[in-house]
Amino acid sequence: MGGQLRKVKTIIEPTPVVEGAGVRLKRSLGGPALNYLDPFLLFDHFGSPNAEDYQAGFPMHPHRGIETVTYMLAGEVQHRDTLGNSGSIGAGDVQWMTAGGGILHEEMPQVRPEGNGGFQLWVNLPSKLKMSQPRYQDIPSGEIPEVMTEEGGKVRVIAGKVEGTNGGVTGIAANPTYLDVRILPGQSFIQPVSQGHTAFAYVFEGNVGFVEDDAKSPKWIEQTKLVVLEDGDLVKILAGDEASRLLLISAKPLGEPIARYGPFVMNTKEEIEQALLDLKQGTFIWQEQVGA
Ligand code: FE
Numbered sequence: 003m004g005g006q007l008r009k010v011k012t013i014i015e016p017t018p019v020v021e022g023a024g025v026r027l028k029r030s031l032g033g034p035a036l037n038y039l040d041p042f043l044l045f046d047h048f049g050s051p052n053a054e055d056y057q058a059g060f061p062m063h064p065h066r067g068i069e070t071v072t073y074m075l076a077g078e079v080q081h082r083d084t085l086g087n088s089g090s091i092g093a094g095d096v097q098w099m100t101a102g103g104g105i106l107h108e109e110m111p112q113v114r115p116e117g118n119g120g121f122q123l124w125v126n127l128p129s130k131l132k133m134s135q136p137r138y139q140d141i142p143s144g145e146i147p148e149v150m151t152e153e154g155g156k157v158r159v160i161a162g163k164v165e166g167t168n169g170g171v172t173g174i175a176a177n178p179t180y181l182d183v184r185i186l187p188g189q190s191f192i193q194p195v196s197q198g199h200t201a202f203a204y205v206f207e208g209n210v211g212f213v214e215d216d217a218k219s220p221k222w223i224e225q226t227k228l229v230v231l232e233d234g235d236l237v238k239i240l241a242g243d244e245a246s247r248l249l250l251i252s253a254k255p256l257g258e259p260i261a262r263y264g265p266f267v268m269n270t271k272e273e274i275e276q277a278l279l280d281l282k283q284g285t286f287i288w289q290e291q292v293g294a
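The number in our numbering is simply the position in the sequence shown, starting from 1, with 2 added.
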């Protein structure tokens, strides 16, 4: 496959943070290292075998102007929101929540012998959809297609497309690609990523070699790291002498101004002030506009 290989641009070491009511997690986007990777606002990796690290959870809290994507690796999280949704997600499941104009929800990890683990990504909404109707999609593990690639990769296609197979999540504003890639020792994985799109990899098992030039040795990166990739149209990666696993996430940047304050991400400071005012006045939750 020809194309311009995407080189490693920045390597981010995840920062330990405490979020919600006391959940320990590792943040690599949306923190001091990198505040915004347009259109991605935040990337958290949670996971612990110890209940005290996660059981406090995320009690009822608001969101506006973004989409949150939770991908579970282990354990169980119970969820409910002001749209009337409730349920639980477990290993391999995905929850894609469009906060739009305003939602309140609760995300509570359950104490389980296998602990709890997964990822949460925040994807920005374009200005014209920030105040849109909230939406909630729960995609069970069985509805996420798995593709075995020619080169020896095994990919769960959460969103986007791999070798003609479409992902389990569709209808997302930023039209992102979200892949969970496993590569066997000594094997490789090649994926086209459109020129101009933002792309990053999150290496969380083993060693991954990023091929920057077919004539040179790859750039090896050991777990656990977030790797921002330079522009190009092809990602080519290798596993070392043990199996590797990474997420490969990409989308077209929005190129719009952002104003962020905790769970609200808007375009202007005034819109943030409005969100806080709405919350105070009890008018935060999205409601159908008369005449809209
Ligand atoms: Fe939340």
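Built from N, CA and C at the ideal position, the CB exists for glycine as well. Keep in mind the model is a prediction, meaning the values are calculated, not measured.
Task: As assigned by DSSP and simplified to three states, the class of residue 33 - done: coil
- [ ] Just confirm the distance between the C-beta atoms of residue 220 and residue 240, as a whole number of angstroms; I'd bet it's less than 8 angstroms.
- [x] 6 angstroms
Task: Cβ neighbours of residue 55 in the same chain (closer than 6 angstroms, five flanking residues each side left out) - done: 26
- [ ] In angstroms with no decimal places, state the Cα-to-Cα distance between residue 178 and residue 119.
- [x] 22 angstroms
- [ ] Tell me whether residue 98 is buried or exposed, calling it buried when 16 or more other Cβ atoms sit within 10 Å of its Cβ.
- [x] buried
Task: Expected contact under 8 angstroms - CB spacing of residue 248 and residue 195 to nearest Å - done: Contact doesn't hold; Cβ gap of about 14 angstroms is too wide.
- [ ] Would you mind stating whether residue 127 and residue 67 have Cβ atoms separated by less than 8 angstroms?
- [x] yes
Open item on the list: Nearer than 7 angstroms: is that true of the beta carbon of residue 107 relative to any heavy atom of the ligand FE?
Closed with: yes
Open item on the list: Can you tell me whether residue 47 sits near the ligand FE, meaning its C-beta is under 7 angstroms from at least one heavy atom of the ligand?
Closed with: no
Open item on the list: Count Cβ pairs between the region 194–209 and the region 164–174 that sit closer than 8 angstroms; are there 3 or more?
Closed with: no
TODO: Report whether the distance from the Cβ of residue 81 to the nearest heavy atom of the ligand FE is below 7 angstroms.
DONE: no
- [ ] For the region 277–292 and the region 146–160, state whether three or more C-beta atom pairs, one from each stretch, are separated by less than 8 angstroms.
- [x] no
Open item on the list: Could you check whether the Cβ of residue 63 sits closer than 7 angstroms to any heavy atom belonging to the ligand FE?
Closed with: yes
Open item on the list: I'd like the list of long-range same chain contacts for residue 259, defined as Cβ closer than 6 angstroms, with 5 residues on each side in sequence excluded.
Closed with: 269
Open item on the list: Which of the three DSSP states is assigned to residue 228 in this structure?
Closed with: strand
- [ ] Let me know the secondary structure DSSP gives residue 254 once reduced to three states.
- [x] coil
TODO: Consult DSSP for residue 23 and reduce its assignment to one of helix, strand or coil.
DONE: coil
Task: Segment contact, 8 angstroms Cβ cut-off, at least three pairs: the region 7–25 with the region 226–236 - done: yes
Task: According to DSSP, residues forming a beta bridge with residue 126 - done: 68
Open item on the list: Looking at the strands, I want to know which residues DSSP matches up with residue 241.
Closed with: 210
Task: Top-ranked residue by Cα proximity to residue 243, from 256, 253 and 190 - done: 190
Task: Spatial distance of residue 223 from residue 143 (CA atoms) - done: 28 angstroms
Open item on the list: By the DSSP assignment, the beta strand (DSSP E) with residue 78 in it spans what residues?
Closed with: 78–83
Task: Distance between residue 29 and residue 111 (C-alpha atoms, nearest Å) - done: 18 angstroms
Task: Any C-beta of chain D under 8 angstroms from that of residue 124 - done: Structure shown: chain D not included; a single protein chain is present.
Task: C-alpha distance - residue 1 paired with residue 156, whole-angstrom precision - done: This structure cannot settle anything about residue 1, because the visible part of the chain is limited to 3 through 294.
Open item on the list: On the CB-based measure, 16 or more other CB atoms within 10 Å of its CB, does residue 216 come out buried or exposed?
Closed with: exposed
- [ ] State yes or no: is the C-beta of residue 100 within less than 8 angstroms of the C-beta of residue 41?
- [x] no
Open item on the list: Between residue 62 and residue 106, how many whole angstroms is the CB-CB distance? I'm expecting something under 8 angstroms.
Closed with: 5 angstroms
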